[in-house]
Amino acid sequence: MFAGGVSVSASAVAAPPPDCGTGLVCAGGPTAGASACRQRNATAATVYCCPVGQRIDNGKCVAPAPVCGRGLYCAGGPTPGASACRQQESSTREVFCCPEGQRIENGKCFDARTAEITSFYTDILHRAPAPEWLARHVNGGLPTAKVRESIAKTPEARGLVNKAYKAYLGREGEAGGLDSWTDHLVRGKTLDWVWEQIRTSEEARRKNGGQPPPVTLR
Numbered sequence: 321m322f323a324g325g326v327s328v329s330a331s332a333v334a335a336p337p338p339d340c341g342t343g344l345v346c347a348g349g350p351t352a353g354a355s356a357c358r359q360r361n362a363t364a365a366t367v368y369c370c371p372v373g374q375r376i377d378n379g380k381c382v383a384p385a386p387v388c389g390r391g392l393y394c395a396g397g398p399t400p401g402a403s404a405c406r407q408q409e410s411s412t413r414e415v416f417c418c419p420e421g422q423r424i425e426n427g428k429c430f431d432a433r434t435a436e437i438t439s440f441y442t443d444i445l446h447r448a449p450a451p452e453w454l455a456r457h458v459n460g461g462l463p464t465a466k467v468r469e470s471i472a473k474t475p476e477a478r479g480l481v482n483k484a485y486k487a488y489l490g491r492e493g494e495a496g497g498l499d500s501w502t503d504h505l506v507r508g509k510t511l512d513w514v515w516e517q518i519r520t521s522e523e524a525r526r527k528n529g530g531q532p533p534p535v536t537l538r
C-alpha cells in the first residue's frame with residue numbers, strides 16, 4: 321500500500337485505542353513517562369498522558385485523593401514539608417498541607433492541642449494568645465484543663481470579670497464573687513456567659529428599674 325509515495329503496511333497502521341471509561345482512552349500499555357491510560361480533557365480535544373491511576377486537573381496530572389475525613393483528603397503519604405492528609409477549607413478551593421493530626425483554622429495549620437488552648441484565650445480573655453505564650457502552653461506538657469485554669473486565674477481574666485461588675489452593678493466585685501465567677505471560667509464557661517449572668521442578675525435588675533440593663537461592650 322502506498323501513501324504519498326511511502327509504503328505503509330497494514331500492520332503498521334495503529335488501531336484506534338479502545339474506550340476504557342468516560343473521558344479515558346487506553347494507549348495499549350505504559351510508555352516512557354506516560355501510562356496505560358490517557359485522559360481526554362472534557363473541555364478540549366487534547367489528550368493527556370498521566371501515570372496510571374492519576375487524573376487530569378486543569379491540564380495537569382494529579383493523583384486521586386481519597387477522602388479521609390470530613391474536609392480532609394489523603395495525599396498518599398507524607399511529602400517534604402507537607403503531610404499525609406490535606407484539608408480543604410469549605411469557603412475556598414485552596415488545599416493546604418498540614419502535619420497529620422492537625423487541621424485548618426483561618427488558613428493556618430493547628431493541631432488539636434494548639435486549637436484548644438487558643439480557644440481558651442478567646443473564650444476567657446477575648447483575644448488571641450501571644451505567640452510566645454501559646455508556644456509555652458502547647459509545649460509545656462500540662463493537661464489542657466490545667467492550662468485553662470491557669471488562664472482563668474490570671475489578673476487579666478479577673479479584671480475582665482470585675483469590669484462587668486462596674487458596667488452593670490456600678491461597683492467593684494467582691495473577692496468572693498470574683499472567685500466564684502473564676503471557678504465558672506475554669507470549669508468551661510466563657511467570659512460572655514459570665515457577663516450575661518451579671519447583667520441579668522437580681523441586683524442588676526433592681527438598679528435598672530426591674531429590667532436587665534442594656535448590653536455593654538466588653
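Here my numbering is used: the first residue of the sequence shown is 321, the next is one more, and so on.
For every residue, glycine included, the Cβ atom is placed at its ideal position computed from N, Cα and C.
Candidates the options: which alpha carbon is nearest residue i's?
| i | options | result |
| --- | --- | --- |
| Q517 | V458, E436, L489 and K466 | L489 |
| K527 | H504, S470 and R491 | R491 |
| V456 | P534, A472 and I437 | At residue 456 the sequence reads Arg, which differs from the Val that was named. The candidate whose alpha carbon is nearest that of R456 is I437. |
| E469 | F440, T434, A432 and G529 | F440 |
| A519 | T474, P533 and G529 | Strictly speaking, residue 519 in this sequence is Arg, with Ala absent from that position. The shortest C-alpha separation from R519 is found at P533. |
| V506 | Q531, K466, E476 and P451 | K466 |
| E523 | A487, D512 and N459 | A487 |
| G508 | A495, K473 and V458 | K473 |
| D512 | Q531, L480, A495 and N459 | L480 |
When you compare only the Cα positions, how much space is there between residue i and residue j?
| i | j | result |
| --- | --- | --- |
| T510 | D443 | 5 Å |
| T536 | G461 | 38 Å |
| Y485 | S521 | 11 Å |
| N482 | T464 | 25 Å |
| W501 | A448 | 21 Å |
| W453 | G497 | 28 Å |
| E476 | A435 | 21 Å |
| D499 | D431 | 32 Å |
| R525 | W515 | 14 Å |
| H446 | I471 | 12 Å |
| P451 | G493 | 31 Å |
| D503 | R478 | 11 Å |
| C531 | V458 | Here the sequence assigns Gln to residue 531, which means Cys is not the residue at that position. Their Cα atoms are separated by approximately 43 Å. |
| R433 | G529 | 46 Å |
Say yes only if the C-beta of residue i is nearer than 6 Å to one or more non-hydrogen atoms of the ligand ADP, and no if none qualify.
| i | result |
| --- | --- |
| H504 | With respect to small molecules bound, the structure shown includes none, and the ligand ADP cannot be examined in it. |
Within the continuous alpha helix (DSSP H) that includes residue i, where are the two ends?
| i | result |
| --- | --- |
| L445 | A432 to L445 |
Look up residue i in the DSSP assignment and say whether it is helix, strand or coil.
| i | result |
| --- | --- |
| A450 | coil |
| T536 | coil |
| R456 | helix |
| A365 | Because A365 sits at a pLDDT of 49, beneath the cut-off of 50, its placement in the model cannot be relied upon, and the following sentence gives the value as read from the coordinates. It is coil, neither helix nor strand. |
For chain D, check one thing: does any of its Cβ atoms lie closer than 7 Å to the Cβ of residue i?
| i | result |
| --- | --- |
| D499 | Here there is only one protein chain, and chain D is not present. |
Q: Within the region 472-530, note down every full alpha helix (DSSP H) run reaching 4 residues or more, in order along the chain.
A: 475-488, 495-506, 511-519 and 522-526
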